[in-house]
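Remarks on the structure that follows.
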Amino acid sequence: MKKLTVRSKRSKVALLLVSSIVAIIILIVFLRTGFFDQQPESLMVLPNPVYLDERKSTEERVADLLSYMTLEEKIGQMALVEKDSLQKIEDIREYHLGALLSGSGSKPKDNTVEGWRMMIDRFQTEAKSTRLQIPLFYGSDAIHGHAHVPDATVFPHAIGLGATSNARLVKSIGEATASELRATGVNWNFAPNLDQPQDIRWGRVYEAFSDDPELVSKLSVAYLEGLQTKKRGEDSYVLGTAKHFLGLGTMGWGTSLNKNFKIDQGVTPADEALLRSRYLPPYAEIIDAGALSIMVGLNTWGEKRMVLQKELLTDVVKGELGFKGFLVSDWYGVHEGRNDIFMATVEAINAGVDMVMLPFDYQTFTEHMLLANRLGLISDERINDAVSRILYVKFEAGLFDEEKVGTKTNFSSPEHTALAQTAVAESLVLLKNEQDILPLSPNLPLIRVAGSAADNIGKQMGAWSIEWQGVDGNWVKGTSILSGIKDNVGPNTKVEFNELGNFSQTSRKASMGIAVVGEKPYAEGWGDKEYPTLNETDLQAIKNLQAHSEKVVVVIVSGRPLLIKNEIDRWEGLVAAWLPGSEGASVADVLFGNRPFVGTLPVPWPRHSEQLPISLDEKTADGTAVLFPRYYGRTTE
Ligand code: BGC
37 MKKLTVRSKR SKVALLLVSS IVAIIILIVF LRTGFFDQQP ESLMVLPNPV YLDERKSTEE
97 RVADLLSYMT LEEKIGQMAL VEKDSLQKIE DIREYHLGAL LSGSGSKPKD NTVEGWRMMI
157 DRFQTEAKST RLQIPLFYGS DAIHGHAHVP DATVFPHAIG LGATSNARLV KSIGEATASE
217 LRATGVNWNF APNLDQPQDI RWGRVYEAFS DDPELVSKLS VAYLEGLQTK KRGEDSYVLG
277 TAKHFLGLGT MGWGTSLNKN FKIDQGVTPA DEALLRSRYL PPYAEIIDAG ALSIMVGLNT
337 WGEKRMVLQK ELLTDVVKGE LGFKGFLVSD WYGVHEGRND IFMATVEAIN AGVDMVMLPF
397 DYQTFTEHML LANRLGLISD ERINDAVSRI LYVKFEAGLF DEEKVGTKTN FSSPEHTALA
457 QTAVAESLVL LKNEQDILPL SPNLPLIRVA GSAADNIGKQ MGAWSIEWQG VDGNWVKGTS
517 ILSGIKDNVG PNTKVEFNEL GNFSQTSRKA SMGIAVVGEK PYAEGWGDKE YPTLNETDLQ
577 AIKNLQAHSE KVVVVIVSGR PLLIKNEIDR WEGLVAAWLP GSEGASVADV LFGNRPFVGT
637 LPVPWPRHSE QLPISLDEKT ADGTAVLFPR YYGRTTE
């Protein structure tokens, strides 16, 4: 008993001693890191500071502006916040926020050009009312035109542009998209996409141009140049984003960290040699072409999420490739799957992420960054580097020198519509043409049309249109494929349409049936699908149509090649139309020979799912031959 008392007294003294030493150490650390220091008073801006002088070099302007900034002001520049997360508009000023975004589907109440402009102007006015008047980047996913606005020109999704292989056309699309974005005040686009999809089960195949790095480089550079072209009379351009760095397109089935998904946000199995030889070259090329923002993907490589890959982000991109812009993380990408969001922030910033797409909780981010800096976990140098990069891009993009955004640009002009129509026509891939049934004669007496995608503009636009997961129906601006069929035929041709192919039993067979079938819109992991096939309703519609027509041409509207090996032999003609966007009628221009078929497959078309994934040299997983190889496409030129 006694012994015990002596022991417990001794251990109490020891405990006291240890805790005092720990407390003294913590105090010293806090004192040395300036934890108790007062933040410097807001500095008054000098009259005519160097950074507002357009004649100075960007480097001089950045250094000058940085020298005035408090830590809080710097941290604000590193946050990217979804506009609906703002608790009040004054938070832009209070938190010195540097960038906002509209996540896909997030729009102003008045979803018009004017509605967007007024909303973004208010945000900009708030940002510019701070003492340093730093303008905002306002980002959006205009990945196939400014498609969240109902009146926008909606271009084919990237996979369709890959099928055109036409860099000049893609550059013009970049320019037109920039013009529509600037008309609404958006100055940052989260495109082009440099992913290389090798597995059609992935829900993001259509966002990419191709699985061939050469085609990806060619088209993404062209698109970026289009976006970032300064126009006469305009001081600024729309900043492009090369995404998603790195190795997206090869993630394994069932590896997703998101419990709802299978491939998206999964693990990239490539070794470093493959990452470098296949995935890195498009980034090297686009950086040389002027890319100033790169989005870090939500995938994992080896044991680590991409946001934590310091060697790739800092050593390779910023070091080896000489990237002078900033790295932005993807949606919640820094914090996804982490319990300790403080350390998640610390690790990602130290790995090289410069701007964090939070996208919600900027208050906690600010607190965490302040604490991490005071504890010496994130150095001043790292913060200064990140902020200098962001400011560099703001100066280069012309944000400080512009008077008013977008006043001179076109929204949805006849030129943009014509461009989209050309893109649709060039994107079509003719896969089967038995007895040269295509192009169709416009003078056939009776043509029957069936299928769920024939008269549905929402479906032909795919996702990232008005809403993240797309919309259904014909209430948005555009033309349906059916309307194009009707426009293309002569006065003596009758066109009958029934979505399910239910035509009258008694009437004669049509000389031609056109089945326009396809996928319902989907975005990201929600489109991961083990067996991407046509749905039963569309398959039945084709059968019904065949019962009422001599021959049938099938047009597939989809974000990826579909598994059709069991059906294709029964069809006389087959066309891959991808996701053509708002100008669906142009599909019919090619069916009826007013324009030729010139498109080729931007990705191999597999025969069955055991072939997935398919390698760059088109080796399938089970060693069998694909249904159609990459770059296959018949022409009617
Ligand atoms: C996607 C990105 C997109 C971002 C912002 C993420 O979910 O992965 O491609 O740019 O959201 O909307």
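Counted the way the working numbering counts, the sequence shown spans residues 37 to 673.
Heads up, the beta-carbon is just placed ideally off N, CA and C, and yes, glycines get one too.
Check: Less than 8 Å between the C-beta atoms of Leu581 and Ala486, yes or no?; Outcome: yes
Check: Let me confirm a value: Asn209 is counted as buried when at least 16 other C-beta atoms fall within 10 Å, else exposed. Which label applies?; Outcome: It is Ile, not Asn, that sits at residue 209 in the sequence shown. So Ile209 ends up on the buried side.
Check: Terminal residues of the continuous beta strand (DSSP E) containing Tyr174?; Outcome: 173-176
Check: Use the C-beta contact count for Ile299: other C-beta atoms within 10 angstroms, 16 or more gives buried, fewer gives exposed.; Outcome: buried
Check: If you reduce the DSSP assignment to three classes, tell me which class Thr515 lands in.; Outcome: strand
Check: Residues in the same chain with beta-carbon distance under 7 Å from Pro192, minus the five sequence neighbours each way, listed in chain order, please.; Outcome: His180, Ala459, Val460, Ser463, Trp614, Leu615, Pro616, Gly617
Check: If contact is defined by three or more beta carbon pairs under 8 Å, each pair taking one atom from either stretch, is the stretch 238-249 in contact with the stretch 278-292?; Outcome: yes
Check: Going by other Cβ atoms of all chains shown within 10 Å of its Cβ, with 16 needed for buried, is Trp511 buried or exposed?; Outcome: exposed
Check: Starting from the Cα of Leu4, find the closest Cα among Trp289, Ser594, Tyr398, Lys143 and give me that residue.; Outcome: One cannot answer for residue 4 here, as it falls past the ends of the chain, which runs 37 to 673.
Check: Under the criterion of a Cβ to heavy atom distance below 7 Å, does Met331 qualify as lining the ligand BGC?; Outcome: yes
Check: Just to confirm, is the Cβ distance from Ser477 to Asn492 under 8 Å?; Outcome: no
Check: Once you ignore the five residues that flank Thr291 on each side, which residues in its own chain have a CB closer than 6 Å to its CB?; Outcome: Gly302, Val303
Check: What number of angstroms, rounded off, separates the C-alpha of Thr161 from the C-alpha of Ile521?; Outcome: 48 Å
Check: Run the Cβ filter for me: residues under 7 Å from any heavy atom of the ligand BGC, listed in the order they occur in the chain.; Outcome: Leu137, Gly139, Ser140, Asp177, Phe226, Lys279, His280, Met331, Leu334, Asp366, Trp367, Met393, Glu560
Check: Is the distance from the Cβ of Ala384 to the Cβ of Leu427 below 8 Å?; Outcome: no
Check: Closest by CA to Ser272, which one among Glu90, Pro395, Val206?; Outcome: Glu90
Check: Using 10 angstroms around the beta-carbon of Gly358, count the other beta-carbons present and answer buried if the total reaches 16, otherwise exposed.; Outcome: exposed
Check: Rounded to a whole number of angstroms, what is the C-alpha to C-alpha distance between Ser365 and Gly221?; Outcome: 23 Å
Check: Check this for me: beta carbons of Val589 and Leu474, under 8 Å apart or not?; Outcome: yes
Check: Any idea what DSSP makes of Ala657, helix, strand or coil?; Outcome: coil
Check: Can you tell me where the beta strand (DSSP E) holding Gly116 begins and where it ends?; Outcome: Note that residue 116 is Leu in the sequence shown here, rather than Gly. From DSSP, the beta strand (DSSP E) with Leu116 extends over 115-118.
Check: Measuring straight from C-alpha to C-alpha, what distance separates Leu250 and Pro568?; Outcome: Here the sequence assigns Glu to residue 250, which means Leu is not the residue at that position. Roughly 26 Å between the two C-alpha positions.
Check: Could you tell me which uninterrupted beta strand (DSSP E) segments, each at least 3 residues in length, are contained entirely in the stretch 524-574, listed from first to last along the chain?; Outcome: 530-533, 548-554
Check: Since I believe Ala194 is in contact with Ala244 (beta carbons under 8 Å), could you give me their beta-carbon distance rounded to a whole number of angstroms?; Outcome: 6 Å
Check: Does Ser415 pass the burial test, meaning 16 or more other C-beta atoms within 10 Å, or should it be called exposed?; Outcome: exposed
Check: Spell out a yes or no on whether the stretch 553-560 and the stretch 496-505 are touching, meaning 3 or more CB-CB pairs, one atom from each, closer than 8 Å.; Outcome: yes
Check: Would you call the CB atoms of Glu150 and His132 closer than 8 Å?; Outcome: no
Check: Can you grab the Cα-Cα spacing for the pair Glu654 / Val611, in whole Å?; Outcome: 22 Å
Check: For Trp641, write down the residues that DSSP places opposite it in a beta bridge.; Outcome: Phe664
Check: Could you give the distance in angstroms between the alpha-carbon of Gly434 and the alpha-carbon of His371?; Outcome: 32 Å
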